Amino acid sequence: MKKLALLIVTLSLLSTYSCKKEDYQLGPAPTEADAAFTYAASSESDNIIVFTASNPDIVAKWNFGNGSLGEGKTARGIYPEAGTYTVVLTVFTKGGSASTSQDIVIAEDDLSLLDDPLFNILTGGIDIGSKTWVVDSNYAGHFGVGPNPSDPAFGDFPNYYEATANEKAGGGMYDDKYIFSLEGFKFDMITHGDVYINSEQASNFPGSFEASVGDYTAPYENQLGKSWTLTQGDENILTLSSGAFIGYNTGVNSYEIVSIEENEMFLRQLDAANGELAWYIRLVAEGYDSGGGGGNDTTGNGGGGGGGDTTDMYTLPIDFETVDPVFTVFGNSTYSIIDNPDASGINTSTRVLETVHGNETWAGLFVDLIDPLDFSTETTITFKIWAPVTGTVRVKLEEQANSNSFVEKDVNVTTANEWVELSVDFSGEAATFDRLVLFPGWGVGDSDTFFLDDIDQQ
Numbered sequence: 208m209k210k211l212a213l214l215i216v217t218l219s220l221l222s223t224y225s226c227k228k229e230d231y232q233l234g235p236a237p238t239e240a241d242a243a244f245t246y247a248a249s250s251e252s253d254n255i256i257v258f259t260a261s262n263p264d265i266v267a268k269w270n271f272g273n274g275s276l277g278e279g280k281t282a283r284g285i286y287p288e289a290g291t292y293t294v295v296l297t298v299f300t301k302g303g304s305a306s307t308s309q310d311i312v313i314a315e316d317d318l319s320l321l322d323d324p325l326f327n328i329l330t331g332g333i334d335i336g337s338k339t340w341v342v343d344s345n346y347a348g349h350f351g352v353g354p355n356p357s358d359p360a361f362g363d364f365p366n367y368y369e370a371t372a373n374e375k376a377g378g379g380m381y382d383d384k385y386i387f388s389l390e391g392f393k394f395d396m397i398t399h400g401d402v403y404i405n406s407e408q409a410s411n412f413p414g415s416f417e418a419s420v421g422d423y424t425a426p427y428e429n430q431l432g433k434s435w436t437l438t439q440g441d442e443n444i445l446t447l448s449s450g451a452f453i454g455y456n457t458g459v460n461s462y463e464i465v466s467i468e469e470n471e472m473f474l475r476q477l478d479a480a481n482g483e484l485a486w487y488i489r490l491v492a493e494g495y496d497s498g499g500g501g502g503n504d505t506t507g508n509g510g511g512g513g514g515g516d517t518t519d520m521y522t523l524p525i526d527f528e529t530v531d532p533v534f535t536v537f538g539n540s541t542y543s544i545i546d547n548p549d550a551s552g553i554n555t556s557t558r559v560l561e562t563v564h565g566n567e568t569w570a571g572l573f574v575d576l577i578d579p580l581d582f583s584t585e586t587t588i589t590f591k592i593w594a595p596v597t598g599t600v601r602v603k604l605e606e607q608a609n610s611n612s613f614v615e616k617d618v619n620v621t622t623a624n625e626w627v628e629l630s631v632d633f634s635g636e637a638a639t640f641d642r643l644v645l646f647p648g649w650g651v652g653d654s655d656t657f658f659l660d661d662i663d664q665q
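Here is the structure:
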């Protein structure tokens, strides 16, 4: 009997082991048949194509061939310009992945697709081309959480908790920048080295640590060359490609646009770890002051405050290679720090500043310095510039504490479409100026694109 009992136990254990081992099998990899898809023009436009995966039961990710990405059984690709685009569908199971591709032909341009009210607000429109958004940190209620679904008594609102002005300073969120470009629906996320994340997401971010303001801070590199899509309907859903997110990571990259105006945007996002919660983030266009702290109006009609971390200051030289310095733009200019688009001639560096000139003749940008510039021994300000046209660049020095105290000088760009170095002599000036202001394209209201690099004092 003892031997029989032992045999039964042994067989039972073997059976249990066998079941457990089977549970861990990955299963077969998907085939190309699983990655088949169909497509058809939408009812809105022949240039908006609706793609449908043939197998609805596996994870589907799309590359639309136009610089943008998508996810899900069905997805929409927007093609404002005529041409042939190779669309790739990749499907995933536990056993692996498979891909198929098809070429689609867009017969005619439909640039009206770019002239969309939401696109224009999000990116600055065709004339500007890109727009930088930041968290409106000075606004009481810029960040918070509420129930999912929303409480009918409050609507889409963080009625569980609202952050006070600058409450999360130091968490890694306030100095981040989110750049939406119209061309290719490109998205760049500038992190300045770290991000703010929900505690439930800490395991997904190597090196994360508890933040002094609650939740976690994590090291995170800039997410450049990503893409955005906007699905419009009863709800306007903004989706970023994998790796990119806005403000506070809750494990998702899709956001409902609760409200949006020219310089203010209020977003709602779900919590991947807790389906009963929805988080909210308020953004403003970089350089826009929404009115000073206090107030809880999320519609843009009152309250508000400036966006972003305004304490960033730097020393010369600034070369954009290891640090993304914070500039402030004016005159409807925009800027971003990108890969050098013309690494040739006198400038083969990897990273440069790109600025799109606003529609004001005095448009430009400035950077604040830690210490005033001393011209007793090093008397000139130098910088490299790539300009699309010849013309004037104005260089202005100011005192941060008193913008009425300044000196400004002009220098000419005599060669267009290549890198040149300019030098401006400030010998004899007082050592009181701690703000450097640049006006590329001075006196012109065109939306030209300039590139700057290696700003220095010599």
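The sequence shown: position 222 = 429 (our numbering), numbered continuously.
Each residue gets a CB set at the ideal place from its N, CA and C atoms; glycine is no exception.
None of these values were measured; they are calculated from a predicted model.
For this session: With DSSP collapsed to three states, give me the class of residue 517.
Result: Reading the sequence shown from its first residue, position 310 is the one you call residue 517. Residue placement at residue 517 is flagged as unreliable, the pLDDT there being 42, under the threshold of 50; the coordinate-derived value follows with that caveat. In the structure shown, residue 517 sits in coil (DSSP, three-state: anything other than H, G, I, E or B).
For this session: Taking residue 329 as part of the beta strand (DSSP E), name the residues at either end of that continuous run.
Result: By 1-based counting over the sequence shown, the position of residue 329 is 122. First-last for residue 329: 324-330, but that is the alpha helix (DSSP H), not the beta strand (DSSP E).
For this session: Helix, strand or coil for residue 319, going by three-state DSSP, please let me know.
Result: For the purposes of this step, residue 319 is taken as residue 112 along the sequence shown, with counting starting at 1. Residue 319 falls in the helix class under three-state DSSP.
Exercise. Out of 451, 497, 425, 463, which has the shortest C-alpha to C-alpha gap to residue 441?
Worked result: By one-based count along the sequence shown, residue 441 stands at place 234. Of the candidates 451, 497, 425, 463, the one whose C-alpha sits nearest the C-alpha of residue 441 is 463.
For this session: Would you mind sorting residue 359 into buried or exposed? The rule is 16 or more other CB atoms within 10 Å of its CB.
Result: Here residue 359 refers to the residue found at position 152 of the sequence shown. Flag for residue 359 reads exposed.
For this session: Determine the contact status of residue 620 and residue 627, defining contact as a CB-CB distance below 9 angstroms.
Result: What you label residue 620 is simply residue 413 of the sequence shown in a count that begins at 1. What you label residue 627 is simply residue 420 of the sequence shown in a count that begins at 1. In contact: residue 620 and residue 627 (Cβ atoms closer than 9 angstroms).
Exercise. From the DSSP output, which residues share a beta bridge with residue 426?
Worked result: Position 219 of the sequence shown, counted from the start, is the residue given in the question as residue 426. BP columns for residue 426 point to 401.
Problem set entry | Residue span of the beta strand (DSSP E) that contains residue 267, given as start and end | Within the sequence shown, the letter at position 60 stands for residue 267. Where residue 267 is concerned, the enclosing beta strand (DSSP E) stretches over 266-270.
Exercise. Residue 613 lies in the beta strand (DSSP E); which residues open and close that run?
Worked result: The count along the sequence shown starts at 1 and reaches residue 613 at position 406. Note, residue 613: beta strand (DSSP E), 609-620.
Exercise. Roughly how many angstroms lie between the CA atoms of residue 250 and residue 335, to the nearest whole one?
Worked result: The residue you call residue 250 lines up with position 43 of the sequence shown. The residue you call residue 335 lines up with position 128 of the sequence shown. For residue 250 and residue 335, the distance between alpha carbons rounds to 29 angstroms.
For this session: Could you give the DSSP three-state label for residue 334: helix, strand or coil?
Result: Counting from one through the sequence shown, the residue named residue 334 turns up at place 127. Three-state DSSP puts residue 334 in a helix.
Exercise. Residue 409 by DSSP, collapsed to three states: which one?
Worked result: Here residue 409 refers to the residue found at position 202 of the sequence shown. It is helical.
Problem set entry | Stretch pair the segment 655-662 + the segment 582-594: three plus CB contacts closer than 8 angstroms | yes
Problem set entry | Rounded separation between residue 228 and residue 298 - CA only | Numbered from 1 along the sequence shown, position 21 holds the residue referred to as residue 228. Numbered from 1 along the sequence shown, position 91 holds the residue referred to as residue 298. No answer about residue 228 holds up, because its pLDDT of 42 lies below 50 and its placement is not dependable.
Exercise. Taking C-alpha atoms, which residue in 434, 444, 589 lies nearest to residue 601?
Worked result: By 1-based counting over the sequence shown, the position of residue 601 is 394. Selected option, being the one with the closest Cα: 589.
For this session: Inspect the beta-carbon positions of residue 457 and residue 476 and report whether they are closer than 9 angstroms.
Result: As a position in the sequence shown, residue 457 is number 250, starting the count at 1. As a position in the sequence shown, residue 476 is number 269, starting the count at 1. Yes. Within cutoff.
Problem set entry | As assigned by DSSP and simplified to three states, the class of residue 567 | Counted from its first residue, the sequence shown places residue 567 at position 360. Here residue 567 sits in coil by DSSP.
Exercise. Which residue from 351, 378, 377, 376 puts its Cα closest to that of residue 365?
Worked result: Translated into positions along the sequence shown, residue 365 becomes position 158. With respect to the C-alpha of residue 365, the residue from 351, 378, 377, 376 having the closest C-alpha is 351.
For this session: Helix, strand or coil for residue 350, going by three-state DSSP, please let me know.
Result: Mapped onto the sequence shown, residue 350 falls at position 143. Three-state result, residue 350: strand.
Exercise. Is it the case that the Cβ atoms of residue 559 and residue 527 are separated by a distance below 9 angstroms?
Worked result: Translated into the one-based positions of the sequence shown, residue 559 becomes position 352. Translated into the one-based positions of the sequence shown, residue 527 becomes position 320. For the 9 angstroms CB-CB criterion, residue 559 and residue 527 form a contact.
For this session: On a CA-only basis, which of 522, 543, 292, 545 is nearest residue 663? Give me that one, please.
Result: Within the sequence shown, the letter at position 456 stands for residue 663. Taking only the C-alpha atoms, the option nearest residue 663 is 522.
Problem set entry | residue 628 - DSSP class collapsed to helix/strand/coil | Working through the sequence shown from its first residue, we reach residue 628 at position 421. Residue 628 falls in the strand class under three-state DSSP.
Exercise. Roughly how many whole angstroms lie between the Cα atoms of residue 520 and residue 450?
Worked result: One-based indexing of the sequence shown puts residue 520 at position 313. One-based indexing of the sequence shown puts residue 450 at position 243. Going by the C-alpha atoms only, they are around 28 angstroms apart.
Exercise. In three-state DSSP terms, what is residue 441?
Worked result: Position 234 of the sequence shown, counted from the start, is the residue given in the question as residue 441. It is coil, neither helix nor strand.
Exercise. So what does DSSP say about residue 290, is it helix, strand or coil?
Worked result: As a working mapping, residue 290 is identified with position 83 in the sequence shown. Of the three classes helix, strand and coil, the one that applies to residue 290 here is strand, per DSSP.
For this session: Would you identify the three-state DSSP class for residue 432, choosing helix, strand or coil?
Result: As a position in the sequence shown, residue 432 is number 225, starting the count at 1. Looking at residue 432 - three-state DSSP - the assignment turns out to be strand.
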